[in-house]
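To get my numbering, take the position in the sequence shown, counting from 1, and add 1094.
Glycine included, every Cβ here is placed at the ideal spot set by N, Cα and C.
Everything below concerns the one structure shown next.
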Amino acid sequence: MDYQAAILSSAVLDVLRAFDPRVVGTLPLGLSVPGSDVDIVCHASEPTVLAEAIWAHYRCCDGFALYQWLAQERPLIARFEWGGWSFEVFGDHRPVDQQRGWLHFEIERRLLVLDDGRLRKAVARQRSQGVKTEPAFAAVLGIPGDPYLGLLDLAGETDAQLRRRLSRL
């Protein structure tokens, strides 16, 4: 089964509906490699409520793990397997639109939409060599320093600015 069928059959987006779940990462970007998992970010203003929902529905799944820190700034992370896919759910106290995982996904998506294909091929080549997604984008785009922060800086650029950046590839 493909990852989208696994998402549907697991009902994870319905189970987590109250937490604004959004699928992010390499699968929806079309940049997955063998072993890529289904990443879902959620808004967990009350992490315990999210933990209870995940526990109630997925605790019997293979690979189930649930990590919940006491500090408000730390995300809740849950892992489980469904339909041959590994799922990873991140619950953060910030609304999804303000979370780094979502912001990274959005800038990567924008870049790929504006791309003529060169960026996608170059990032896919990096990914096939074991490079994580954000470092792969940063390497291809020539972003110095911390790749995660560097990509966040791009989020404020207009499409015209991003196109100019892509034209230098």
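- Closest by C-alpha distance to residue 1235, out of 1223, 1224, 1215, 1222, is 1215.
- Taking the CA atoms as reference points, residue 1182 sits about 15 Å from residue 1138.
- Counting every other CB atom within 10 Å of its CB across the protein chains shown gives residue 1143 a total below 16, marking it as exposed.
- For residue 1149, the enclosing alpha helix (DSSP H) has its first and last residue at 1141-1152.
- Unbroken alpha helix (DSSP H) stretches of 4 residues or longer found wholly inside the stretch 1154-1218: 1194-1208, given in chain order.
- Setting aside the 5 residues that flank it on each side, residue 1259 is surrounded in the same chain by 1235, each with a C-beta closer than 7 Å to its C-beta; the list follows chain order.
- If you look at residue 1225, you'll find it isn't in any alpha helix (DSSP H); DSSP assigns it neither H nor E.
- For the pair of segments examined, the stretch 1107-1117 was found to touch the stretch 1187-1204: the number of CB pairs separated by less than 8 Å reaches three.
- Within the model, the alpha-carbon separation for residue 1220 versus residue 1198 is close to 17 Å.
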